[in-house]
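Under the numbering used here, residues 11 to 366 are what the sequence shown spells out, in order.
Ideal Cβ positions, reconstructed from N, Cα and C, are used throughout, including at glycine.
Note that the coordinates shown come from a computational prediction; the quantities given were computed from them, not determined experimentally.
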Amino acid sequence: MTEQTPTTSEENQPKRILTGITTTGIPHLGNYVGAIRPAIEAVNDNDEAFFFLADYHGIIKCFDPTQIHASTKAIAATWIACGLDPEKVTFYRQSDIPEIPELAWILNCSCAKGLMNRAHAYKASVDVNAEKGDVDPDHGITMGLFGYPVLMAADILMFNASHVPVGKDQIQHIEMARDIAGTFNFKYKELFTLPTAVVDEDTPLLTGLDGRKMSKSYGNTIPLFGDNPQVDQQKQLRKAIMRIVTNSQAPEEPKDPDSCNIFEIYKAFATPAEIAELRTRYEQGIGWGEAKEILFQKIDGEIAPFRERYNELMANPKELEEILQMGANKARRHSRKLLDKSRRAIGIKPLAKLKK
Ligand code: TRP
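In structure tokens, the structure reads:
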């Protein structure tokens, strides 16, 4: 693990880990190996962990209410089915914590607009408009997209998180959260911890069915628990893996494992000995059908034990809702206090104490 921009916090101090999951899709293998599995494994007894469903971030990119709702449910069920213990970590839905958007507004008021102008996601949208020759560089860009990093800063600062596990694309947002925290601390009062991005260099970025990065936006993902509730999930997994695009080499030809997406996905699930063994098989010549079958068996072995719990939770949203409410109660014990301090720091407080 590499910690970007480390703070001066002492090595052995307990960490407060926090990360958010945007609720716009149905979890796929790339999410599993890139975020879900490492986050669940990273939780140990010394640290405090906050994991949340970032639904207010979801509505920045997705305008389909049905999809936002379905995604929230599937993501919550997936994290719990894959072993997240909601008693041990604080697992909540962002929109259940009204203090977060309140803090976001407060932070907005001391955050320089120029800082947001430099955000990658915003700049990418402006570039797209320029390429299209649009006269308005901000065409189609909402205030939600523009101010996205401020909401993310509020998510993080609200809980004084010290460590924020994220993908590389999010490092800039953590830097901005530090910047925003520093400005507030200097201007008003030292209330916020400066967070550090934690980027795990070993976390694989999976290739999708078509050879490009596995991503919902390319439509090339392998859904973790299938995407058709009518069809057996094991069958769906098998079918998806059989759809991985390969070249036209004959079965007996020696093959290069390092340029093969089947092998790459296999590496994310297998032990070093198993990886070495498959490498030898490639060099000796292996048929694509057989390689896919080996990959399927490996992934299925890891995922199969989670299916029952996933299906149970999906069929019983009441249980999920209770888990999320328990998480919200735990989270709000922190957020109420820190929001109150933040409001006082900027001069918003009762004029007098009223007798009850
Ligand atoms: N923007 C993050 C993503 O797209 C999700 C997210 C929202 C997040 N708030 C956060 C991640 C706070 C870490 C901390 O991946």
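Cβ-based burial, residue i [other Cβ within 10 Å; buried from 16]
| i | result |
| --- | --- |
| SER352 | buried |
| LEU288 | buried |
| THR335 | The sequence as given places Gln at residue 335; Thr does not occur at that position. Looking at its Cβ environment, which holds fewer than 16 other Cβ atoms inside 10 Å, GLN335 is exposed. |
| TRP89 | buried |
| ILE368 | Since the first residue of the chain shown is 11 and the last is 366, residue 368 is not available in this structure. |
| TYR102 | buried |
| ILE116 | buried |
| THR33 | buried |
| ASP144 | exposed |
| THR203 | buried |
Contacting residues, own chain, Cβ-Cβ under 8 Å from residue i (five flanking each side not counted)
| i | result |
| --- | --- |
| THR18 | Residue confidence is low: THR18 scores 49 on pLDDT, short of 50, so the model does not pin down where it sits. Its coordinate-derived value is still stated next. Within the same chain, THR18 has no close Cβ partners at all. |
| LYS83 | MET324, PRO327 and LEU330 |
| ALA80 | ILE36 |
| TYR66 | GLN104, SER105, ILE110, PRO111 and LEU161 |
| ASN118 | GLY157 and VAL160 |
Which of helix, strand or coil DSSP assigns to residue i
| i | result |
| --- | --- |
| GLU200 | coil |
| VAL208 | strand |
| ARG354 | helix |
| LEU364 | coil |
| PRO267 | helix |
| PHE60 | strand |
| ARG253 | coil |
| ARG248 | helix |
| SER19 | Low confidence applies to SER19: its pLDDT is 47, below 50, so where it sits in the model is not reliable, and the reading given next is rough at best. Three-state result, SER19: coil. |
| ILE31 | strand |
| THR213 | coil |
| ARG26 | strand |
| HIS183 | helix |
| LYS359 | coil |
| PRO75 | helix |
| PRO48 | helix |
Beta-carbon proximity list for residue i, same chain, < 6 Å, skipping 5 on both sides
| i | result |
| --- | --- |
| GLU58 | ARG26 |
| HIS173 | LYS25, ILE27, THR206 and VAL208 |
| SER345 | ILE107, GLU109 and MET168 |
Neighbourhood of residue i by C-beta distance below 7 Å, restricted to the same chain and skipping five residues each side
| i | result |
| --- | --- |
| THR29 | ALA49, PHE61, VAL174, PRO175 and VAL176 |
| PHE316 | ALA91 and CYS92 |
Test: residue i CB closer than 8 Å to a CB of chain D
| i | result |
| --- | --- |
| ALA86 | The chain labelled as chain D is not found in the depicted structure, where only one protein chain is given. |
Problem - Inter-stretch contact at 8 Å, needing at least 3 Cβ pairs: the stretch 294–312 / the stretch 247–258 - result: yes
Problem - Segment contact, 8 Å Cβ cut-off, at least three pairs: the stretch 175–193 with the stretch 147–165 - result: yes
Exercise for the section: Taking 8 Å as the threshold, find out whether the stretch 190–204 comes into contact with the stretch 230–243 through three or more Cβ pairs. Expected result: no
Problem - Segments of 3+ residues assigned as beta strand (DSSP E) that fall wholly inside the stretch 79–116 - result: 100–103
Practice task
Would you be able to state if there are at least three C-beta pairs under 8 Å between the stretch 271–282 and the stretch 209–226?
Solution key: yes
Exercise for the section: Pair every Cβ in the stretch 334–349 with every Cβ in the stretch 94–106, then say whether three or more of these pairs are closer than 8 Å. Expected result: yes
Practice task
At 4 residues or longer, and completely inside the stretch 281–326: list those alpha helix (DSSP H) runs for me, N to C.
Solution key: 282–294 and 298–325
Practice task
Please go through the stretch 124–188 and give each complete alpha helix (DSSP H) segment of 4 or more residues, from N-terminal end onward.
Solution key: 130–141 and 153–167
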